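Participant: So the sequences go chain by chain: U and P. Letter by letter, the first sequence follows residues 1 to 391 of the working numbering. Letter by letter, the second sequence follows residues 392 to 691 of the working numbering. Ideal Cβ positions, reconstructed from N, Cα and C, are used throughout, including at glycine. Please read all numbers here as calculations on a predicted model, not as lab measurements. What follows is a single structure, and I will ask about it in a moment.
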Amino acid sequence: MLWMTMRLGQVKLRGPGFLFLGTVLWNIALVVGIVRLMGGSQSGYAFLSMPGFVYTMLFTAYALIGGIMLLTFFKRQDREIYPSQWFTYASIYWFPWMLTAASSALFASEPTRGLAQAVVHGWYASGMITIVLGFVGIALLQYLVPKLARRDLHNSNLSAFAFWVLLLFGGFTGLLQAQALPAWVGTLSGICNAFVAFAWIVLTVNLWKTLQGTDTDSSDPFALNLVRLAALCGLLGSLLNFWGSRPGVAETLQFTLYLQGIYWLQLFGFVGTLLLVAVYHFLPRISDRENISSGLFGWKAIMVLYVTGSILVSLVYVLGGRVQGTTLADGNRSFLDVQSATMSFIRISTIGELLVFLAAAVLVINLAIRFVSYLVGYVVCCLNCKNESAQ
Amino acid sequence: MQKGYQLFFAILAVMVVSWLGLVVFPQIQLGSQSTREVKEIGRHYPTEPGSLVLNGRKVYQQAGCVACHTQQIRQSGYAFDLVLNEVGDFPEIITSKLIEAGKLAGIQVTNEKAQEQMANLPSTFLEARSFDVVQDVLKIFKDSGATVVADILPLGPDIERGWGPRQTVGLDYLYHQPLLMGQQRLGPDLANVGVRLNDPQWHLKHLYHPRSVVTKSSMPAYTYLFDVQPIGEEPSPHALALEGDYAPEEGMEVVPKPEALALVDYLLSLKIENPVFEAPYMFTQAEPGEANNAKMEQAQ
């Protein structure tokens with residue numbers, strides 16, 4: 001995101017020291033949170049599962065990181081704000097507000113009581129998926145497509161339309177119907193899911209028009225194909241979310257793997273893939289090294305493993321969720337029947353999860369190799385400089 | 392677009408609307424709920440949980456049970472049973488009314504059958520009928536002198552599966568802090584597990600090794616909640632009565648740690664056993680414990 005801010009705004013990074021501090025603090029908070037989670041300190045809220053104090057640390061870290069991003073943005077030379085920047089800044093603003101509002105409601109000394117907790121948590125979860133992380137993905141999509149296709153975005157007005165629709169309605173999605181919640185919550189969520197799906201169709205049409213006939217012009221067809229695939233995952237995720245939130249369907253799909261499948265599509269298939277493509281695209285430019293994609297531990301191997309695994313898990317969960325929901329909806333069938341109908345899907349999804357794990361392992365090896373080669377290069381360079389000065 | 396601050400204020404405005412809609416308004420609507428007197432049980436509902444239950448809830452949280460179990464019973468609608476309680480002073484008229492009611496409901500009621508129903512009061516003469524049919528039938532019996540009542544029967548797969556007598560409503564979660572409703576059913580719903588499976592020994596065995604009580608269970612074993620120790624002078628009163636492959640070695644016993652006992656206490660506290668205004672049903676006193684225990688394997 002910082003790279004995009006600097007490139008599009010034609011500006012140098014402001015306050016790199018604070019950024020470094022923020023990043024270190026963020027990672028410390030995450031490590032502390034994960035260690036506490038593994039020790040059994042779960043909050044019980046799926047999207048805010050770490051202990052409450054970790055969110056204070058994360059907020060402080062994010063204030064430094066986000067503050068630097070905003071400072072850099074406001075010092076930009078190019079005053080025009082491009083579509084990818086709208087999404088970036090909405091995501092930057094939205095996250096700290098939402099984190100503060102949700103964590104103070106759920107973890108304060110006098111927290112929200114009873115069922116209201118479910119609404120607050122649902123609001124946070126849908127905001128995280130649709131707006132914070134979703135907008136990071138869309139920002140990358142709108143940045144990478146023109147870069148890789150070597151042409152301007154087809155129509156920035158369509159992007160603006162999608163931006164406002166997603167922003168207005170995205171924060172109200174994700175609260176499925178038929179819970180013990182007041183009826184208006186589920187109805188509102190279902191309607192907003194329809195708007196979000198429509199905005200995604202508009203975004204896809206815009207990207208499709210941009211990409212029409214660019215296969216031979218592309219600077220990197222492999223990356224462009226992955227971007228296409230990621231966009232497809234985003235679109236499919238929003239359409240399935242809309243379909244699954246319709247009255248009559250929501251009741252069947254509630255409490256099943258279906259929702260997990262949509263999370264995988266949106267978070268891993270869409271956002272995760274685009275983040276990997278972004279690193280793949282930016283890394284040679286940042287490190288001045290061309291050859292990062294080939295070899296057993298290269299980026300292409302990482303991305304192929306990751307994308308295959310993510311899509312496999314998503315689709316298996318969506319299909320499995322449908323089967324699970326249909327079996328659950330038949331009151332004459334015992335719960336053991338429901339379990340045995342679902343189990344084969346869970347087993348297949350494990351293969352996908354293993355592929356994603358393998359991709360992560362290869363990524364770690366890749367980064368370790370890169371880091372060691374950087375260190376060796378640095379030492380050799382220092383020695384050469386010493387020899388030259390001695391001569 | 393060129394103005395960064397315009398974008399900032401527009402995003403802020405949308406965020407505030409979303410926050411008001413889904414944080415503040417539900418807080419006003421749901422956050423002010425308090426306990427309510429339920430006449431069927433003669434006390435306020437729900438009651439505040441004790442300290443052992445609260446400890447058990449913590450163990451439930453730590454063990455991650457919420458990842459696989461929900462605590463929410465769904466209901467798709469209602470049906471009604473029509474019960475004749477009193478015949479009144481004109482039995483001949485009631486006979487014809489019963490025949491007419493049968494016609495309305497699409498079943499054939501003979502004179503003999505009507506007589507039989509009137510002889511065995513209270514008698515359910517129509518079962519699982521829709522609200523419209525019930526309204527029409529009640530009109531027939533109006534001013535006839537007979538007493539006819541409609542019993543409410545909640546419907547839906549969760550209820551048919553025996554997970555609870557009615558849907559869960561906001562009031563049931565008043566003391567759930569944090570709210571552990573769950574989002575996925577990889578295991579059965581636990582909203583009413585304290586009523587349908589009310590034997591602590593069964594739960595302890597299930598936690599120690601799920602397949603010792605449910606043959607095809609896919610639940611992981613929580614053996615770390617138990618100590619396997621040599622039997623002292625006398626066996627521990629809490630030792631599990633395990634058999635077959637799950638029994639400990641000769642001279643050893645499996646004793647639950649305090650965390651396991653607290654968790655079981657929490658599970659037994661999860662009960663939906665009375666109607667509330669938002670979710671009425673025909674309330675009868677709970678069945679005796681023995682009858683429930685016999686149903687345990689089936690309910691799983």
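Less than 8 Å between the CB atoms is what I'm expecting for histidine 281/U and alanine 361/U, so what's the real figure, rounded?
Facilitator: Their Cβ separation, rounded to whole angstroms, is 22 Å, which puts histidine 281/U and alanine 361/U out of contact at 8 Å.
Participant: Shorter than 8 Å from the beta carbon of tyrosine 564/P to some beta carbon of chain U?
Facilitator: Yes - at least one Cβ of chain U is within 8 Å of the one on tyrosine 564/P.
Participant: Measuring straight from C-alpha to C-alpha, what distance separates valine 540/P and serine 467/P?
Facilitator: So the two alpha carbons sit approximately 22 Å from each other.
Participant: Rounded to whole angstroms, what is the Cα-Cα separation between methionine 1/U and isoleucine 191/U?
Facilitator: Using only the alpha carbons, I get a separation of about 31 Å.
Participant: With DSSP collapsed to three states, give me the class of tyrosine 613/P.
Facilitator: Note: tyrosine 613/P maps to coil in three-state DSSP.
Participant: Is the Cβ of tryptophan 94/U closer than 8 Å to any Cβ of chain P?
Facilitator: It does: the Cβ of tryptophan 94/U has a partner Cβ on chain P nearer than 8 Å.
Participant: Could you check whether leucine 570/P and proline 513/P sit closer than 8 Å to each other, using their CB atoms as the reference points?
Facilitator: Not in contact: proline 513/P and leucine 570/P (Cβ atoms no closer than 8 Å).
Participant: So what's proline 284/U in DSSP terms, helix, strand or just coil?
Facilitator: The answer is helix: DSSP assigns proline 284/U an H, G or I state.
Participant: Identify the contact partners of tryptophan 97/U in chain P, using a Cβ-Cβ distance below 7 Å as the criterion.
Facilitator: Under the 7 Å cutoff, chain P gives Met406.
Participant: Whole angstroms is fine: what's the gap from serine 49/U's alpha carbon to glutamine 42/U's?
Facilitator: Roughly 5 Å separates the two Cα atoms.
Participant: Which residues in chain P sit within 8 Å of methionine 343/U, going by Cβ to Cβ distance?
Facilitator: Ser609, listed in chain order.
Participant: Tell whether a beta-carbon distance below 8 Å holds between valine 313/U and tryptophan 243/U.
Facilitator: Contact flag unset, no.
Participant: Could you tell me the alpha carbon to alpha carbon distance between leucine 631/P and valine 500/P, rounded to whole angstroms?
Facilitator: Whole-angstrom Cα-Cα distance: 55 Å.
Participant: Mark phenylalanine 172/U as exposed unless 16 or more other C-beta atoms lie within 10 angstroms of its C-beta, in which case mark it buried.
Facilitator: The residue in question, phenylalanine 172/U, is buried, as its Cβ has 16 or more Cβ neighbours within 10 Å.
Participant: Relative to the C-alpha of glycine 237/U, which residue among Trp208/U, Gln142/U, Phe198/U, Leu275/U is closest?
Facilitator: If we check each option's Cα against that of glycine 237/U, Phe198/U comes out closest.
Participant: With which residues is methionine 643/P paired in a DSSP beta bridge?
Facilitator: DSSP lists Pro621/P as partners of methionine 643/P.
Participant: For a contact meaning CB atoms closer than 7 Å, what does alanine 105/U contact in chain P?
Facilitator: Residues of chain P passing the Cβ test: Val414.
Participant: Cα separation between glycine 186/U and glycine 122/U?
Facilitator: Their Cα atoms are separated by approximately 11 Å.
Participant: Is the CB-CB distance between valine 307/U and leucine 226/U below 8 Å?
Facilitator: Going by C-beta atoms, valine 307/U is nearer than 8 Å to leucine 226/U.
Participant: Any contact of the segment 644-655 of chain P with the segment 593-607 of chain P, i.e. 3+ C-beta pairs under 8 Å?
Facilitator: With a cut-off of 8 Å, the segment 593-607 of chain P and the segment 644-655 of chain P count as touching, because enough Cβ pairs lie within range.
Participant: How far does the beta strand (DSSP E) with phenylalanine 74/U in it reach, from first residue to last?
Facilitator: Taken as a continuous stretch (DSSP letters only), phenylalanine 74/U belongs to no beta strand (DSSP E), being part of the alpha helix (DSSP H) at 52-74.
Participant: Could you tell me which chain P residues have their CB closer than 9 Å to the CB of serine 43/U, listed as they occur along the chain?
Facilitator: In chain order: Gln452, Pro569.
Participant: Check whether the segment 316-331 of chain U and the segment 583-592 of chain P are in contact - that is, three or more C-beta pairs closer than 8 Å.
Facilitator: Segments in contact, no.
Participant: Among Trp410/P, Ile432/P, Phe399/P, which one has its Cα closest to the Cα of valine 667/P?
Facilitator: The shortest C-alpha separation from valine 667/P is found at Ile432/P.
Participant: If we count the other Cβ atoms within 10 Å of its Cβ and call it buried at 16 or more, is serine 91/U buried or exposed?
Facilitator: When all chains shown are included, serine 91/U counts as buried.
Participant: Would you check if the distance between the CB atom of glutamine 453/P and the CB atom of glycine 52/U is smaller than 8 Å?
Facilitator: Not closer than 8 Å, so no.
Participant: Determine contact between the segment 375-382 of chain U and the segment 335-353 of chain U, defined as no fewer than three beta-carbon pairs at a distance below 8 Å.
Facilitator: Touching, no.
Participant: How should arginine 557/P be labelled, buried or exposed, when 16 other C-beta atoms within 10 angstroms of its C-beta is the threshold for buried?
Facilitator: It counts as buried.
Participant: At 7 Å on the CB atoms, spell out the chain A contacts of aspartate 330/U, in chain order.
Facilitator: This model lacks chain A altogether; the protein chains it does include are U and P.
Participant: Per DSSP, what kind of secondary structure is glycine 498/P in: helix, strand or coil?
Facilitator: Sequence check: residue 498/P is isoleucine here, not glycine. Note: isoleucine 498/P maps to coil in three-state DSSP.
Participant: For histidine 600/P, report the span of its alpha helix (DSSP H) as first-last.
Facilitator: Here histidine 600/P belongs to no alpha helix (DSSP H), and DSSP marks it neither H nor E.
Participant: The segment 257-273 of chain U: which residues have C-beta closer than 8 Å to a C-beta of chain P, in chain order?
Facilitator: So the list reads Leu257, Leu259, Gln260, given in the order they occur along the chain.
Participant: Give me the subset of the segment 39-67 of chain U whose CB atoms are less than 8 Å from a CB atom of chain P, sorted by chain position.
Facilitator: Result list: Gly40, Ser41, Gln42, Ser43, Gly44, Tyr45, Ala46.
Participant: How should methionine 38/U be labelled, buried or exposed, when 16 other C-beta atoms within 10 angstroms of its C-beta is the threshold for buried?
Facilitator: It is exposed - the Cβ of methionine 38/U has fewer than 16 other Cβ atoms within 10 Å.
Participant: Hey, would you say glycine 261/U sits closer than 8 Å to serine 310/U, going by beta carbons?
Facilitator: For glycine 261/U and serine 310/U, no; Cβs fall outside 8 Å.
Participant: Helix, strand or coil: which one does DSSP assign to serine 126/U?
Facilitator: Residue state, collapsed to three classes: helix.
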